[in-house]
Amino acid sequence: MSVTLSRAEPSIAGVGDYIELMKPRVMSLVVFTALVGLVLAPVHMHPVMAFTALLCIAVGAGAAGALNMWYDADIDARMARTAARPIPAGRLARGEALAFGLTLAGFSVVVLGLLVNIFAALLLALTIACYVGAYTIWLKRWTPQNIVIGGAAGALPPVIGWAAATGSVAIEPLVLFLIVFLWTPPHFWALSLYRADDYARAGVPMLPVVAGATETRRQILRYTLVLAPVGVAPWLLGYAGALYGIAAMLAGGAMIALAIRVRGEARGYTASKQMFGFSILYLFLLFAMLLVDRMAGGLFAPPWSHFPAGA
Amino acid sequence: MSERNTEPKPEPGIRLTEQQRRARRARSIAIAISLGVLAVLFYIVTLVKGPGVLERPL
C-alpha cells in the first residue's frame with residue numbers, strides 16, 4: 003500500500019478535521035469505560051491524577067482513531083458511511099493523519115508513564131498497537147473474525163483505568179474487559195448486516211459478506227447469549243450491588259430478545275438497526291450502573307461481597 | 007540606453023491562499039493551546055505530587 007507523506011499544496015485542514023480524525027464518539031465511550039475502571043479501583047486517586055490519566059487515555063484513543071483513518075483511507079473512500087471523513091473527502095492528506103496519530107500516540111503514552119504510572123502507559127501503548135497493528139492493518143482486511151479479535155483493543159480502557167489507579171490488574175477490570183469484548187461482535191455485526199453492500203464494495207471481509215446474513219444473525223445470538231450472563235458477573239462476583247445486578251439482567255434480557263428478533267428477521271433490517279442502537283445503550287447502562295452503584299457504596303451487595311470496608 | 011524594469015518581482019516560494027492561511031492560523035493556535043495545557047498539567051501534577059513527583063511506580 004502506498005502512502006503519500008507529502009503533497010505540493012499546503013494543507014487546508016482545519017482544527018475540526020483533526021478532531022474528526024480522533025473519532026470523538028468512540029473516544030467518549032473509551033473515556034467513560036476507563037473512568038468506570040478507575041472509579042471501581044479500591045484505591046483513592048487524586049482528582050488531578052485521575053483527570054490526567056483519563057486525558058492520556060482519551061488522547062491515546064484519538065491517536066488510534068487517526069492512525070486507523072490514515073491506513074483505511076482507501077476503504078473509507080469506497081464506503082458511504084465513511085466517505086465524508088477528512089482524508090477521503092480531500093480535506094486532509096494521509097501524511098498529516100499519520101504524523102498527527104503518531105505524535106498523539108507518543109505524547110499520550112509518555113505523559114501517562116511520566117505522570118501516572120508506567121504499567122498503565124504500557125497498557126495504553128498495547129491498546130493503540132492492538133487497534134492499529136492487529137485490527138486495522140492485519141485483521142480487518144484478512145478475516146471475518148476481525149472485530150472479534152480486534153475488539154480486545156476496545157475492551158482494554160477499563161483495565162487501563164484500573165491500572166492507572168492501582169498500578170496492577172485484578173479480576174474486576176478483567177470482567178469489565180470481558181463484557182466489552184463480548185459486546186463488540188454483536189454490536190458491529192448488527193451494523194454490518196445492513197451495511198454489507200458497503201463492506202463488500204470496499205473489499206472488507208466482514209461476516210455478512212463472507213458467511214452471509216443467516217450465519218451472522220446466528221452468531222449475533224450466540225454472542226449475546228454469552229454476553230448477557232457475563233454482564234451480570236460483577237454482581238455475582240460481589241463487587242457490584244443488586245441494583246446493578248437487576249439492571250444488568252433486565253438489559254441483558256432485552257439484548258437477548260433483540261438478538262432473537264434479529265435471528266428470525268427474514269427480510270429487512272429493522273431488528274438489526276434496533277439491536278445496533280440498543281447495544282450502545284446496553285453498554286452505557288451497565289457501566290453507568292457500576293458508577294452509580296459504586297457511588298452509592300454497593301447498594302444491596304450480596305453477602306459474599308468483595309467491597310472493601312468503607313467503600 | 008536600456009530602461010530599468012521597475013515592476014516588483016514576485017516573491018519566491020509558495021503563496022498561501024486566504025483559506026490556507028486561515029487554516030494554518032487555526033492549527034497554530036490549537037497547537038499553542040495544547041502545549042500550554044501540557045505545561046500547566048505538568049505544573050499542577052508537580053504541585054500535587056510534591057517531592058514524590060520523581061517516584062514513578064510501575
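Chains as they are written, first to last, in the numbering used here: chain A, 3 to 313; chain B, 7 to 64.
Even glycine gets a Cβ: it sits at the ideal position worked out from N, Cα and C.
Between A/I14, A/M257 and A/A86, which lies nearest to A/A230 when the distance is taken from Cα to Cα?
Out of A/I14, A/M257 and A/A86, A/M257 has the C-alpha closest to the C-alpha of A/A230.
Buried or exposed: A/R87, going by 16 or more other Cβ atoms within 10 Å of its Cβ?
buried
Does the beta-carbon distance from A/F183 to A/G153 come in below 8 Å?
yes
For A/I222, count neighbouring C-beta atoms within 10 Å of its own C-beta (all shown protein chains included) and say buried if the count is 16 or more, exposed if not.
buried
Against chain B, with Cβ distances strictly below 8 Å, would A/P305 count as a contact?
For A/P305, the pLDDT reaches just 49, beneath the cut-off of 50, and the residue's location in the model is therefore unreliable, although a value from the coordinates is still provided. It does not; no Cβ of chain B falls within 8 Å.
Looking at chain E, is there any beta carbon in it that lies within less than 8 Å of the beta carbon of B/R31?
Included in the structure are the protein chains A and B, with no chain E among them.
Using the beta-carbon of each residue, which ones in chain A are nearer than 8 Å to B/V51?
V50, M51, T54 and L117
Spatial neighbours of A/T84 within its chain, please: CB distance less than 6 Å, with the 5 preceding and 5 following residues excluded, ordered by chain position.
Setting aside the 5 residues that flank it on each side, A/T84 is surrounded in the same chain by D78, each with a C-beta closer than 6 Å to its C-beta; the list follows chain order.
Only counting runs of 4 or more residues, tell me where the alpha helix (DSSP H) segments fall wholly within the region 162-237 of chain A, in order along the chain.
173-196, 198-204 and 209-213
Give me the Cα-Cα distance between A/R46 and A/A167, rounded to the nearest whole angstrom.
According to the sequence displayed, residue 46 of chain A carries His and not Arg. Computed Cα separation, rounded: 7 Å.
Determine the direct distance from the alpha carbon of A/G64 to that of A/P49, and round the result to whole angstroms.
Rounded to the nearest angstrom, the two C-alpha atoms are 22 Å apart.
Here's the rule I'm using: 16 or more other beta-carbon atoms within 10 Å means buried, otherwise exposed. How should A/E98 be labelled?
buried
Spell out a yes or no on whether the region 20-36 of chain B and the region 11-29 of chain A are touching, meaning 3 or more CB-CB pairs, one atom from each, closer than 8 Å.
yes
Could you pull the start and end residues of the alpha helix (DSSP H) that B/R27 belongs to?
E24 to K55
Going along the chain, which residues of the region 164-176 of chain A sit with their C-beta nearer than 8 Å to a C-beta in chain B?
G169
With 16 as the cutoff for other CB atoms within 10 Å, does A/M208 come out buried or exposed?
By the Cβ neighbour-count rule, A/M208 is buried, with 16 or more other Cβ atoms within 10 Å of its own.
Closer than 8 Å, CB to CB, is A/V17 near chain B or not?
yes
Less than 8 Å separating the beta-carbons of A/V112 and A/N70?
No.
Thinking A/L330 and A/A253 are a contact (beta carbons under 8 Å), I'd like their distance in whole angstroms, please.
Missing from the structure shown is residue 330 of chain A; chain A here goes from 3 to 313 and no further.
Do the region 28-46 of chain A and the region 34-48 of chain B touch if we need at least three Cβ pairs shorter than 8 Å?
no
Which value, in whole angstroms, describes the spacing of the CA atoms of B/P57 and A/A52?
19 Å
Hey, out of A/T272, A/G39 and A/V264, whose CA is closest to A/I173's CA?
Here the closest residue by C-alpha is A/G39.
Is the CB of A/S110 under 8 Å away from at least one CB in chain B?
no
At the 8 Å Cβ level, is B/L41 part of the contact set with chain A, yes or no?
no
Kindly list, in the order they appear in chain A, the residues whose Cβ is closer than 9 Å to that of B/V46.
Correct list: empty, because the minimum Cβ distance to chain A is about 11 Å.
So, A/R96 versus A/A75, is the Cβ gap smaller than 8 Å?
yes
Output, in chain order, the set of chain B residues within a Cβ distance shorter than 7 Å of A/I14.
Per Cβ cutoff of 7 Å: Q25, Q26 and A29.
Using only alpha-carbon positions, find the residue among A/A250, A/A165 and A/Y20 that is nearest to A/L42.
A/A165
Using the beta-carbon count (16 or more within 10 Å), is A/A82 buried or exposed?
exposed
Chain A beta carbons: is any one of them nearer than 8 Å to that of B/A38?
no
Under 8 Å between the Cβ atoms of A/M291 and A/A249?
yes
Spatial neighbours of A/A15 within its chain, please: C-beta separation below 7 Å, excluding the five flanking residues on both sides.
P88, R93, L94 and E98
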